[in-house]
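J.:
Numbering (my numbering), first residue to last: 28 to 396.
Written out as structure tokens, the structure reads:
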């Protein structure tokens with residue numbers, strides 16, 4: 028072994044190489060600090076190097092040049108200098124084989140897979156030493172994701188997949204979700220949460236809830252006059268006949284009035300727990316706000332439950348436009364109500380009616396049901 032590699036002129040190159048190899052990167056960036064370093068590195072690389080000018084070096088090519096010049100591999104040089112192995116230098120094709128074999132063994136397929144394999148190799152920052160162990164675990168988790176455009180029918184929690192946010196393993200799986208859905212890699216916690224949920228995964232089992240009142244299994248809380256926020260871990264009973272609203276005010280008023288029929292509150296959003304609960308109802312009567320978003324939520328809830336609208340007709344809208352109400356103007360968003368084609372026409376009156384405004388009428392229905 029030629030130990031010329033210990034010359035100080037190579038110090039910056041070896042530091043950059045050590046970082047790149049440890050992260051499993053295919054390339055490294057190098058900038059010679061002075062003319063002496065530029066000359067020494069040029070002799071190893073076999074190409075021109077200019078002091079102070081950045082350049083890109085392919086790790087596999089550097090390994091080949093190091094072997095030719097010093098008679099040993101790049102890993103041996105780095106181990107000798109830094110006292111530990113920085114990880115074997117694996118050619119890109121070998122890394123692709125490891126990742127490709129892992130997803131194939133897990134039954135993962137799709138046109139997006141080659142792009143994920145390429146990105147995982149280049150950007151995941153997992154050393155080749157770890158890759159053979161991590162790749163099968165990542166592939167097994169990816170196989171359980173919901174990766175088609177439809178809404179998930181069932182939900183997992185991140186821990187169910189053996190994943191922890193912020194780890195390289197979770198990063199590999201999240202990158203697969205982004206690639207499969209044609210989405211950008213998340214840049215914020217909220218973006219990350221949305222991508223996981225789009226893939227049928229909740230970050231935890233307790234923070235996402237749906238507000239309910241008088242549901243089976245919650246009798247003790249109902250007797251105390253307390254609503255229940257159900258989570259994805261709760262044993263949601265099947266076949267319950269329930270009423271569905273969108274405003275917590277309706278729930279609050281219903282409790283105060285002594286209502287004892289099951290009531291679900293969507294709080295203006297069909298989150299994963301709400302979708303799961305709705306899908307298990309025996310029957311449902313659904314009400315929402317009279318605005319574009321409210322009609323959309325109502326339409327989605329009706330589709331999930333196979334239920335019927337609850338005071339969501341054109342006549343109900345007109346009845347809500349009573350004098351003395353200070354209503355906001357409707358937004359210009361298009362209005363769709365498949366259950367009553369006359370409703371969008373009636374709403375050309377131009378006023379949005381929040382569910383709170385008709386809560387008294389809704390509670391009266393609940394009391395007489």
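All C-beta atoms in this analysis are idealised placements derived from N, C-alpha and C, irrespective of residue type, glycine included.
Computed from a predicted model, the values in this text were never measured in an experiment.
1. Do the region 79 to 90 and the region 55 to 69 touch if we need at least three Cβ pairs shorter than 8 angstroms?
2. Going by beta-carbon coordinates alone, are residue 34 and residue 105 separated by less than 7 angstroms?
3. Is the CB-CB distance between residue 133 and residue 166 below 7 angstroms?
4. Using the C-alpha atoms, what's the distance from residue 286 back to residue 261?
5. Considering only the beta carbon of each residue, do residue 313 and residue 278 sit closer than 7 angstroms?
6. On the DSSP bridge assignment, give the partners of residue 256 in chain order.
7. Tell me the DSSP bridge mates of residue 310?
8. Would you mind listing the alpha helix (DSSP H) stretches within the region 119 to 171 that are 4+ residues and don't spill past its ends, in chain order?
9. For residue 396, which of helix, strand or coil comes out of DSSP?
10. Given this structure, state the Cα-to-Cα distance separating residue 116 from residue 158, to the nearest angstrom.
11. Exposed or buried, residue 109, counting other C-beta atoms within 10 Å across all chains shown (16 or more means buried)?
12. Taking only the alpha-carbon atoms, compute the straight-line gap between residue 209 and residue 394 and give it to the nearest angstrom.
13. Helix, strand or coil: which one does DSSP assign to residue 233?
14. Using 8 angstroms as the cut-off, can you tell me whether the region 188 to 199 makes contact with the region 167 to 174, which would need three or more C-beta pairs spanning the two stretches below that distance?
15. Give me, in chain order, the residues of the same chain whose beta-carbon lies closer than 6 angstroms to that of residue 231; leave out the 5 immediate sequence neighbours on both sides.
16. State buried or exposed for residue 382, treating a residue as buried only when at least 16 other CB atoms are found within 10 Å of its CB.
17. Quick one: any contact between the region 332 to 344 and the region 282 to 300, if contact means 3 or more CB pairs under 8 angstroms?
18. Which residues bound the beta strand (DSSP E) around residue 57?
19. Using 7 angstroms as the threshold, is the C-beta distance between residue 319 and residue 358 below it?
20. Which stretch, first to last residue, makes up the alpha helix (DSSP H) that contains residue 198?
21. From this set, 371, 330, 335, which residue's C-alpha is nearest residue 345's C-alpha?
22. To the nearest angstrom, how far is it from the Cα of residue 194 to the Cα of residue 137?
23. Report yes if the C-beta distance between residue 144 and residue 123 is below 7 angstroms; otherwise report no.
24. Figure out for me which residue from 183, 238, 90 has the closest Cα to the Cα of residue 227.
T.: In short, the structure shows the following:
1. yes
2. no
3. yes
4. 23 angstroms
5. no
6. 238
7. 268
8. 119 to 132, 140 to 150, 155 to 169
9. coil
10. Because the pLDDT of residue 116 is 49, which lies under 50, any placement of that residue in the model is unreliable, and the number read from its coordinates should be weighed accordingly. Rounded to whole angstroms, residue 116 to residue 158 spans 12 angstroms at the Cα level.
11. Looking at its Cβ environment, which holds fewer than 16 other Cβ atoms inside 10 Å, residue 109 is exposed.
12. 48 angstroms
13. coil
14. yes
15. If we look at residue 231 and ignore the five residues flanking it on each side, it has no Cβ neighbours.
16. buried
17. no
18. 54 to 58
19. yes
20. Its alpha helix (DSSP H) spans residues 195 to 208.
21. 371
22. 25 angstroms
23. yes
24. 183
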